Structures are given as structure tokens and as C-alpha cells.
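What follows is a short report on a single structure.
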Ligand SMILES: Nc1ncnc2c1ncn2[C@@H]1O[C@H](COP(=O)(O)OP(=O)(O)OP(=O)(O)O)[C@@H](O)[C@H]1O
Ligand SMILES: Nc1ncnc2c1ncn2[C@@H]1O[C@H](COP(=O)(O)OP(=O)(O)OP(=O)(O)O)[C@@H](O)[C@H]1O
Ligand SMILES: CC(C)C[C@H](N)C(=O)O
Ligand SMILES: [Mg+2]
Ligand SMILES: [Mg+2]
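Here's what the structure looks like:
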């Protein structure tokens, strides 16, 4: 098993945002989580990526319990994520944003910085290289020097992808990566997601856009009121009575 | 509204002066803004009054007539600002004397005053200032040593031997207490409560006094700036205290009365003789003139600065030099001796070997709602 | 009812909206389509008075809105449900909604009535009414934002991408309720990515590109326009 | 963000002037004020690392400045340690104390951090004030020695002190320049921009914030130690919040988060307040509003003001580029 | 036992003043999202205006206080308009610096206009009362009662009236407030006015037992900061409770621990609280 949650729960005050969820993510595939608003999807992500500590239960990564590790340690293990509300360094350029992403793979310390050691220079080159590489991967090479604040939603989403990719992840968690993006551009973004998966990166994403999910996902988990109500292939989910009642509604394949 | 803002017109008087007669610049760096501004202004007022008087005639050194020009700079009570100011005063105004009324500023100036050759007019009762062996420091106010004995004797006789001490947290207050307590106990007294009060932070003294009065003292020792000290006295009376007060010399009975409104509240308080009540020869004229100019009676800070400037001028005359601080310093004793009687707002017979003025002190107490002098032997 | 006449809005030197004309008729639903950054939100901000147009006129019921402050514009009957919601995060859901009725604060009973209607529309908000708005999930917050706008009982409601982050079921319900609100007499100006759903309930649309309008026309016309279909409907 | 090259030139230009300055003036007072300004600058650079680059406003900065100053003072006066050893030890002691305080203080964020450190600063001040058996309390610590001679070099004269402190300043700027422009610096800026995002990128915010805090206390301590050796008298007031406010003012006026801001701001404010002396009692009456006006009309400080024209041009170009790309 | 009761009363008196000042500070914090360092200076001006009205114009205590409330409220309002409003979109440190500028200005102004000396404010309520072994003056009762009344009124105003609630709304999202039809600018001015008024009331109430002087604001402002941190910044009940916690801990601490270190008590209390709960006691969940 790659990433696995065991009886994972999170309480906020009296509220069970995530309740007893067992879920496993398949390596190299595109996994999806759907569910009504407030179902606990983002919280689930936050638990895995270390933003919140679980109230009970465990998160296992490659057989190791990571539930109590801080977020930065989890990132070091190769778990990257994007945020539901686009969270970028607004005043910096695309390049400046992305170059920071690789800093967790560097060892240079204060000493190296002050004496500008060989190691620092090497690592700086390496970070720049990496940044250029992922910027080109997400297709933003031509605006690498533009401040992020001046970008469109869709471009920002791409920067967020690039930032996550710069950390050299094995797996990326994407929280509503195409929210607020029009259908045309949504398709382009899903192509990008597919391309990431083809590079061998495991994907786990949250989306409300069913059409896209159905096309992309290999496996879907459905949350409702913090509990897992269904899990399966897109087809299975599409026909699941409970899911239709709780989430999809009438025009299921809109 | 009291527009008591003593603006010296240093700039215009100096330009005018240049063309007509020779000018000696006297430097001043002290707190003219911020929380200690009142203190700073009082000291400066004394200097300026003396300078004005002296300038009516001018003074003659080696056949030339000179006038004084007080150049004052604000240092916000910070030593490093005092140092910058002093450098500036020496550089731009060639001041042979620089006054500063706080020990921090004095210490900062002592670092280079010998090198740059200027006298520090040091207004601080901190003995360490003159014990450093600085050749060009003249310490103006008296130290508290002289007060401890008469204060103890008087209070113990009149009220009893249980003493509560609540001096201010300042070094001066703590030093005072350290001097007073052993003496009190030596005389058979008992110290029943010990605490200190911080006028920079305390908003209300009830808490402090409730604790102090719990030990049922006969006498309370306290001090600090006059007005808040008076406030403490007021509140002690409200809380039912009927004994006497030993007032540290920083506070002045007359200034305290402005807050308490009558001397009745201060009944049994012993402290330094208020300048206005003192019998030194120069006092009446000085008080009258000062009151006229500032609408308020002068305190000792103004008095000491006033008299000290006269002393320095006399010293310059005696030295026949208005520039060389070292020479002027050598003639301070001559200056003291030559000080006209009508300018003797304090009687200062001598300067000790460390450069501190030796002053004839006066003590007074409130009896039956009136200030009376207490003789010292 | 609402008329934008040669309006240009700038951020610094950059014209985010350039010389556009928009007409919204009483009782209608008008959609603004356009890719991200095309300038839709900017138009909304200008109508609400949050940004001042660099040139051009905005008229509402024959009165110029140009120099007016945002609160005056709300009082005139235009309420916006903004893109980033602009809730009061440390007030309860209910207080957020009640603040929405600020301009009707004198008529308490009516507020109560409207509040009930909003809760009927979004039952989850009733459940969460005593929670801090800031602790709600993204979609729930969106509901509060729409609910708050409804509380003002506006004549003209500006909805900036209301379906963003909402579950399909809720989106469906929401478009139903927009229609319902509209039928009750509120004119709607809507910006949407979900062009299909939006155009279905609308009677007129404008397509934005780079701060200008490239296509405009009644719903049918837009739905049958090849380019529009391809870019914004995705089928 | 302002391009680093311009910043570098501004700094180098100013430093050339600083090196030549004593050749043009024999005015002791100017030299004195200038030397003192250099000391403030070092402290301001320390503040800049934390407040400017990492986004945490520490109001205990004067407290650490005072710790450095008293460390040097006490080591030389009371422990009779040699000057140069004391000068090395003082910032280290400050840094160690800073480490301990930072560990707890950095649990708080934003304004909580600001006020928490305000209180820490105040407690430091109170301790210096009350612990008079060690610090001499309000009486002050006197007799702090000059830097002792190194071979033939003596530090008696104003000019010698001026250059000595200038050299330390240069060294500080150099170190800070290197840090800010390295991977470490980028991590700090990332934390300022968004702590949550930084964390998700694997940046240990805890460790890096602490690093920034400790660095800032190091420079505060270093500046304090130099202050002690320059003024050679210490009173508790040196740790008061007023000093923190002054330092902050220098930073803001110059331009927070910029490399040349601390130099420009310190020079400007120090000389301005010196030159307003003639206003006597009115000084603060003018200075206060002047400060407010400056902040209103040039919120990113002097450096920001000068660079904003440049930036405008840059931005226009970016937008044009973007528009071209969209049309394509 | 007797001393404990007396000290509790003393704590109540001082806590009332702290609470009033802290309330103003916390309200303004809500609007500015910046600790307003000039608040202490506003408090000081409040004391002077009342004093001036009483001593120079011979008005009664209450009338003087009313005028002070209006004058200082207006002063605070002008400060919002002229200084903080133009700064509302820039980083918060800038507003802090501007506030420091205002602090310097107001203190210099007071020193120039009223002189640097300590002034006494006469009170018509100076008689000493002794009940159940408790000693106090009528003025002190007045402080406690008036402060509590003011706080209840303010609380009711903020929670129960629409206008009051706009202040809270505005503090949380300025544009959001605009979008529901609140004139955010007016509300910001109103908030500053109230904060100024509270400071004027606090200063007018305490000045008769203390003194009026240019630095009087320093005495309370730092403590007010401690209070609003302990109480959670921007929290109204937090400011009130925090004020009394501090008042009591000072009077009790001075009695049973050490009066010399009673100031440190406040700060140590704060450091302990924040070390355990980094967002203050009354902090509410966000996100
Ligand atoms: N920090 C928090 N404190 C308190 N409650 C929270 C917190 N974060 C989330 N919640 C609550 O937990 C529940 C799940 O929230 P979550 O953000 O995980 O939902 P979601 O599935 O991502 O919804 P959406 O699709 O709307 O983004 C919601 O009811 C929310 O109000
Ligand atoms: N505050 C601002 N400062 C500078 N430029 C801005 C600002 N807000 C928006 N822009 C720019 O103005 C243009 C139009 O933005 P706007 O938000 O109006 O677009 P939109 O059509 O609403 O897009 P979306 O679908 O992403 O909401 C964009 O290029 C954007 O980058
Ligand atoms: C009583 C005063 C002469 C004391 C003086 N303020 C000093 O600095 O020491
Ligand atoms: Mg979510
Ligand atoms: Mg938009």
C-alpha cells in the first residue's frame, strides 16, 4: 500500500469533520475525492499533509506512520499539495515563486550562505534549473518573470502546480485545481494533470467538476459528513444511489 | 492657560551679539521633551534667568565685556543624545561649560570632556559622578548625607519609632533609603514595612499604602517628584494615617502644597527647606523675579542653576579667561568667594577636591499648618 | 435599468476593462461570460463602487452611480455577492446574514422573514447558524455569501461566480433559486464559468475577452454561436 | 520587489561616501553623529532580517540591543575581560538569550508576536533597571573602556572609532547581503509571504523563523556592544521601547525589506532630528506629523519611493507582454 | 482578611480604569488591525481637556467630562480621517509608525500648551468613606460604578444595535461591510470617536485620584496592551475581563508577593498566558 489512512478522524470542537475514514491511494494513478461542501475533503487533505493532527487514526506512507509529523517533514518525504484558495507569493514573479519550491532539497545553511560555498552555488544552480524545468512543464515559460499578482486564475493554478512539482514529489494532492476556471481551460488543466501522472507522479485530487473527474480518475472516494460513503471506479460511483442522493443530484453527468 | 514656555532666542541674540560685543556660549543638554521635560525646563529656567541678569550689564574679563548666550539642546534624557549634543555644542558653539541635569548624560560627557576641554555643570546628587576623578566636572546639588540625622531625630521624637519606607524606585531613592534605615535603627527605631514606589508606572497608590499602613507605622519615608509624592501623602491621610512623613530631598514641601492645597495634610512632614522659605541672602530677589517671569515659584533646580552660572562667571573673571575650561575650573573656588551676597540663592562656601559644591543645607518641618525651620547642629 | 456606457476601469495604468457597454433590463437575467481575468469581476466592482471607473458612465434607474460610495449604491438597490465572498469570519452565520439586511434594519419583522427564506434555500446554514462563518467549508461560505446578498432584498443582484466550489447538487439548486429570486422580481447580473447552466436561465449574455466585449446577444444567439460553445460550454 | 542590483549600487555608493566623509569634514560632532548612526544601522539591519524579510515584527529589539551593550559593559568593567574578547562574547550572549526567548515568542504570530515581544522588551528593561547589584540600575554603568589597541592601531581618536565601527557595519551588511540572497534568504521571504505555503513546500518555518530571530538578536547585540564601547556609559533607558520605536522608524522610513533602506532611513531620520533641534520644544510637534506624512505618501519608505517609478515602467512592460501573449 | 477586602476594592478601582482604556484600544484594533500606540496620548489629552474646563472655565466636573468626551472623541476621529484612513491599504507596520508619530505630536503639544508640570484635578467627591473596615473616597466608588455602567452600555450598543454590530462587521471585512451597505468610513470614524470617548472618560475619572501630566498616558497604555493580548485582540469581553484580571493581580500580588515586582507580575502573567495559549484566552476559532 502506498498511502493509507486507518480509521482517520478529526474533530473540531464537537464537529466530526472527518470520521473514521479508511482509504488507500494507489501509486501512479489518479485518485479523486468528491463530496458535498463541508464533507471534510479539505480536512482530509490537511490531515495527510500534516496541516492538522488527527484526533484519532493514522496516516501511513509507504508503511510508515506519518500522522504526527509536521507538514514540512511530510513534504520532504515527497508529499506535495496545492490549496483550495490559491496560495502563492503574490508579490514575487513566477520564477521567484517556483524557485523556493526546491529549497527543501537543499542542504546549504547559514554558513554556506555567508561564505558562498561551492555547495551553495551548486544548489542554487540546481534550484534554478529545477524551477525552469517545472515552469516549462506547466507551460508558463513565457511569463516566468511576471509577478504572480498580475496573473489570471488559470495561470495561478499552473504556478501552484509548478510550485508543488518543484519539491520533487512522489505524490501530489490537488485541492480543487480547476475551481473558477472555464471549461476550455479546465480541459487544458486536466491534460496537465494527466501529463503529471504520466511522469509517474501519483495524484489525488478534490473536484466538483464531475465531467472532469469521470474522465481522469482511476478511483474515487466519496465523503459525506466526514464519512466515507462510497469508493470505487467512476462508473461505480456514477451509479451509486447514495452518492446520487447526497451529491450528484439529477443531472449526474453535467 | 499657562504658556510657560521659556524660549531662549539663542539664534537672534547671537547674531546681534557678534557685531556688538563678545559672547560666551554656555551649553545645556537636558530633557526638554518627554516625561522628564518639566525637570529639564526648571533647570534651564534658572540658567536663563541668570544669563539675562548678567547680560543686562555684561561682565568684564581682561578688559573686554562679554555677554552670555545659553545654547540649549534636547537630549530626551538619553546619554547618547547628551553626548551628541555636547559634541555639537563644543564644535559649533565652542562652549567652555556644558550643563546637564542627569547622571547618565554626565557620565556620557565625562568620556570626552577632558579631551575636548569643557566643564560639565553636573546637576546630580550622585556622588559617584565626582568620585571618578574627572578633572572638569563640577557637581552642583548637595548630597543627602546631611539630612538623615536631623530627619530621624525630629520624626522619632515627635511621632514614634516605627518607620515604613516607600522611597521611589530610582537609584537616588534607594541610596537615600540605604542611608536612612541603618541610622533609624541605630537610634533605636524599627523599620516595620519596606517597599518602593515607581512613579513611572504606578497609577494609584492605595494598594501600596494599604499594605504599608497594615504595619501601623508612626512615620513614613517617601519621596520623588513633588507632585506625585504629595498625592501619596494625600492618599495616606485618606486611608487614616495620622503620623509624620520624612520627605526625601527631591520633593519640596512648597511644591507639594500645590497639590495638597493646605499644609494641614502635610502636618508633621520634615524635608528640605523650600527655596522660597529659605533664609539665604539671595532668595527674596530671586523668588520675586522668577515668580514674575514664570508665574510660579521657583524650586531648587532653578535656584541651583541660577547661582551656579553666577559662580562660573565669577570664576571666569577670576581666571581672566572665558575659553579654557581647565583654567576656569582652577578658579571656581575664587568664583565662590567672589559671589556677591545678593546673588547667594544658596550659600556655598567651597568646592571639595572632587569637584562637588559644599552647601550649607537647611531643614524644615510642618508644624501647626506652617513651615518652620529646624536648626541643625 | 442598469446601463454601462463606455466604461473603462484601470488598475494603475492597466485597463482591466476597456470602453464597454452593458444594458440590463428590469426583471431580466444577464450573464457575463469570459475566461479568467477577462474583466468580469472588475465590472462588478465598478458597479458596486469599490473601484471608480476611469471614464464612462454607470446609470441605475436613470441615476448616475459614478461618484457614489458603495453603501449608497447598496441603498439604491444593487447588492453584490462577491467572488471572494467577503464574509465576516468571526461573526456567526446568522449574524452575517442579518448584517446583509443592514439597509432594512428598521423593519425587524421583514428581516426575520427573509432569514427564514434563506434558511429554506440553504438548510445547512440553518444547522450552522451559530457557527463562526470563518470555520465553514469553502462551499458553505459561498452559501452564506449568497444568502447575505439575498437578505438585502435588492432590486438588482450582482452574482460573481456563485457556483465556484459548490457541489453539483448545490449548483443545480442554486441556479433554481436564482431563477426563483428572479421571478420574485429581482433583476440578476451574473458572472459565470458554468456557461451552460448560466445561459440556460438567462435571457441575455455578454462575452468578455481581454477587458472588452467580443460577443453579445440574447441567450439563443449565444447558445448557438459556435465559438462561444467551444470556449465556454465545452461541448 | 526591487531589483537587487540597484540596491547594491546604492549601498556601495553610500559606503564610498562614508569612507571619504572624514576627509571632508573636521567637525567632531558630525563624525560623532555619523558613528552613532552606523551603530544604529547595524541594529536596524538586524531588525530588517526579522521584520523585513521574515515578516515578524519584534518590539524587543532594543532589549536585545541593551543585552549586548550590558554584556560588553559588564564583561569589561566587572569581569575584567579584555575588550576584544568581550566584543565577541557580547553578541554571542545576546544570541543565546535570543534563542531561548525566540523559542517561546515564535509560538505567537502577527500582532501577538509584536506585543509579546513588546512585553519581553519591557521585562528586559525592568530587569536591567531593578537588578542593580549586577547592572548598577538607574545609576548606570560607568567606565567602559575604549577598544584596546591592536598593535600600532589605537582607538583613542574619533576618526579611529569612526572607521572601526564603519568596518563592522560593512561586515554586517556583507553578511546580511549574502544571507538574503541565498537559499536561506529565499526561505525567509517565503515565510513572510505565506507561512502555510512555505510549510507545505517543506520549509521548516519553526527552524527558519528561529534562525531569523537569532540573527536579528545577534546584530542587535553586536550594535549594542559597539554602542557601549562608543558612549562608554550605559543606563537602562537604552533598552526602553522608545529605542525600539526609533530603530523601527529608521527601518520604515528607509524601506523595510530592502538592502539599502536601513542606511538611508537611519541617515535621514538621525540628521533630520538633529537639524530640527533649533525648533526646541516644537521639535516633536513637527517631527511627529512629518513622520506620519512620510508614511502616508511613501509607504514603502524612501527606497520604495525611488524604485516605484522604475517598477511602474517594469510593470507596464509585463502587462504588455501578458496582453500580447493572450492575443496570441 | 480586612486587608484582602481593601485590596480587592483597590484592584477593582484600578481594573476599571484599565478596562476602559483597553476597550478603546481593542475597538480601534478591530478597525486598524494595528495596536494604536497613540491611544495613551489620547487618554492624556482627555485628562487635560477636563482639567482645563474645570479649572479655567469653572465648569462642573460632569459637564467638563462631557466636553472632554466630545473633544477627544473628535480628536480621535480626525486622527482616523487624516492619518489612518489614508493608510488603510498599506502594511500594518506603517500605521504603527504613524501612530507613534501622533504620539510624539500629542505629547509635545500637551507639553507646549499646558506645560510639562503635574496638575491636580479637583473633585467634588473627595470625602472619605469608611464602611465595614473599607476605606475609600466617593470618587473611587464613582470610578467603579461609572466604568461598569459605561461598559454595559457599550456592550449593549455593540451587540444589540445594528450600528454597533457594524463596528464588529467592519473590523472583520471592510469591503464586505461596504457590500451590505455599511458606510465603512463613517463607521471607522464612529469607532475612533467611541475609543477616544472611552479614553476621555477613563482619564477624567482617574485624574482626581492621580495627576494630570503629559506622560500620564504611558502609565496605562502598556498595561492596556497587555490586557488586550490576554483578552484576545479585538475581543470586547476580553478587554473587560483582562482589565480586571490585571487590576486584581496587581493589588493582590503587591500584597502577597512583592510590591516591588508588581509591574513585572503583569508582564510575566502575559508571557505565561501567551506561552500556553499563543492567541490569548478569548481567542476564537478562525479558518
Ligand atoms: N479549522 C476549522 N475549525 C473548525 N471547523 C472546521 C475547520 N476546518 C473545517 N471545519 C469544518 O469541517 C467541516 C469540513 O470542512 P472541509 O473544509 O474539509 O470541507 P470540504 O469537503 O473541503 O468542503 P468544500 O467542498 O466546500 O471545500 C466543515 O463543516 C467545516 O465547517
Ligand atoms: N487589484 C488589482 N490590481 C491589478 N490588476 C488587477 C487587480 N484585480 C484584477 N486585476 C487584473 O485585471 C484583469 C481583470 O480581472 P477580473 O478579476 O476582473 O477578471 P474576471 O473576469 O473576473 O476573472 P476571473 O474569472 O478569474 O474571476 C486581470 O488581468 C487581473 O489580473
Ligand atoms: C534630586 C536630584 C538632584 C537628582 C537628579 N535628578 C539626578 O539625576 O541625580
Ligand atoms: Mg474544501
Ligand atoms: Mg472574477
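Protein chains in written order, with our numbering: chain A, 693 to 946; chain B, 14 to 390; chain C, 916 to 1150; chain D, 1484 to 1811; chain E, 5 to 291. Virtual Cβ for every residue (Gly too), placed ideally from N, Cα, C. Model, not experiment: these values are computed from the prediction.
Is residue 40 of chain B buried or exposed, if buried means 16 or more other CB atoms sit within 10 Å of its CB?
buried
Residues in the same chain with beta-carbon distance under 7 Å from residue 1600 of chain D, minus the five sequence neighbours each way, listed in chain order, please.
1541, 1542, 1543 and 1588
Cβ-Cβ distance between residue 1120 of chain C and residue 945 of chain C below 8 Å
Yes. Within cutoff.
Please return the same chain residues whose Cβ sits closer than 6 Å to the Cβ of residue 1570 of chain D, not counting the five positions on each side in sequence.
1708
Count Cβ pairs between the region 1773-1783 of chain D and the region 1724-1741 of chain D that sit closer than 8 Å; are there 3 or more?
yes
Tell me the rounded alpha-carbon separation between residue 936 of chain C and residue 1126 of chain C.
12 Å
Return yes when the C-beta of residue 727 of chain A is under 7 Å from any heavy atom of ligand 1, and no when it is not.
Flag set: Cβ of residue 727 of chain A near ligand 1.
Residue 1568 of chain D - containing alpha helix (DSSP H), residue span:
1566-1588
Distance cutoff 8 Å, beta carbons only. Does residue 1549 of chain D sit that close to anything in chain A?
no
With a cut-off of 8 Å on the beta carbons, I'd call residue 73 of chain E and residue 206 of chain E a contact; round off their distance for me.
About 11 Å separates the Cβ atoms of residue 73 of chain E and residue 206 of chain E, ruling out a contact at the 8 Å cut-off.
Is it true that the region 960-978 of chain C meets the region 990-1009 of chain C, where meeting means three or more beta-carbon pairs spaced less than 8 Å apart?
With the cut-off at 8 Å, the region 960-978 of chain C and the region 990-1009 of chain C touch.
Residue 1544 of chain D: contacting residues in chain E (beta-carbon distance under 7 Å):
Within chain E, no residue comes near residue 1544 of chain D; the closest Cβ sits about 13 Å away, beyond 7 Å.
I want to check one thing, is the minimum distance from the CB of residue 1052 of chain C to the heavy atoms of ligand 1 below 7 Å?
yes
Any heavy atom of ligand 1 within a distance shorter than 7 Å of the CB on residue 709 of chain A?
yes
Would residue 185 of chain E count as contacting chain C if we go by Cβ distances under 8 Å?
yes
Is any heavy atom of ligand 1 found at a distance shorter than 7 Å from the C-beta of residue 197 of chain E?
no
Apply the 10 Å Cβ neighbour rule to residue 123 of chain B and answer buried if 16 or more other Cβ atoms are within range, or exposed otherwise.
buried
Counting pairs of beta carbons, one from the region 755-774 of chain A and one from the region 735-746 of chain A, are three or more of them closer than 8 Å?
yes
Would residue 975 of chain C pass as a contact of residue 916 of chain C if the rule is Cβ separation under 8 Å?
yes
Determine, using beta carbons only, whether residue 782 of chain A and residue 841 of chain A come nearer to each other than 8 Å.
yes
Burial state of residue 43 of chain B (16 or more Cβ within 10 Å):
buried
Taking 7 Å as the limit between beta carbons, can you name the residues of its chain near residue 913 of chain A, skipping five residues before and five after?
Shown here for residue 913 of chain A: same chain residues with a beta carbon closer than 7 Å to its own, the five before and five after excluded, namely 715, 725, 920 and 923 in chain order.
Buried or exposed (CB count within 10 angstroms, at least 16 for buried), residue 130 of chain E
Exposure of residue 130 of chain E is indicated by the presence of fewer than 16 other C-beta atoms within 10 angstroms of its C-beta.
So, with DSSP's three-state summary, where would you put residue 24 of chain B?
Only weak support is given to the placement of residue 24 of chain B: the predicted model assigns it a pLDDT of 42, under 50, and the value that follows is read from those uncertain coordinates. Here residue 24 of chain B sits in helix by DSSP.
Is it the case that the region 1560-1576 of chain D contacts the region 1610-1628 of chain D, given that we only count it when at least three CB pairs across the two stretches are under 8 Å?
yes
Buried or exposed: residue 212 of chain E, going by 16 or more other Cβ atoms within 10 Å of its Cβ?
buried
Proximity test, residue 704 of chain A beta-carbon vs ligand 1 heavy atom, cut-off 7 Å
Because some heavy atom of ligand 1 lies under 7 Å away, the Cβ of residue 704 of chain A counts as near it: yes.
Simplified DSSP state of residue 94 of chain E, which is helix, strand or coil:
DSSP places residue 94 of chain E in coil when its eight states are reduced to three.
Along the chain, where does the beta strand (DSSP E) that runs through residue 921 of chain C open and close?
Its beta strand (DSSP E) spans residues 917-926.
Chain D residues whose Cβ lies nearer than 7 Å to that of residue 816 of chain A
1666
Tell me whether residue 922 of chain A, by its Cβ, gets closer than 7 Å to a heavy atom of ligand 1.
no
For residue 169 of chain B versus residue 128 of chain B, is the C-beta spacing smaller than 8 Å?
The answer is no: Cβ separation not under 8 Å.
Using the beta-carbon count (16 or more within 10 Å), is residue 940 of chain C buried or exposed?
exposed
Tell me whether residue 1 of chain E, by its Cβ, gets closer than 7 Å to a heavy atom of ligand 1.
Because chain E in this structure spans residues 5 to 291, residue 1 of chain E falls outside the shown range and cannot be described.
Taking the continuous alpha helix (DSSP H) assigned at residue 222 of chain E, which residues delimit it?
220-234
Among the residues of its own chain, which have a CB less than 7 Å from the CB of residue 923 of chain C, if the five just before and after it don't count?
If the five residues before and after residue 923 of chain C are omitted, its C-beta is found closer than 7 Å to the C-beta atoms of 930, 932, 933, 934, 968, 969, 970 and 971, all from its own chain and listed in chain order.
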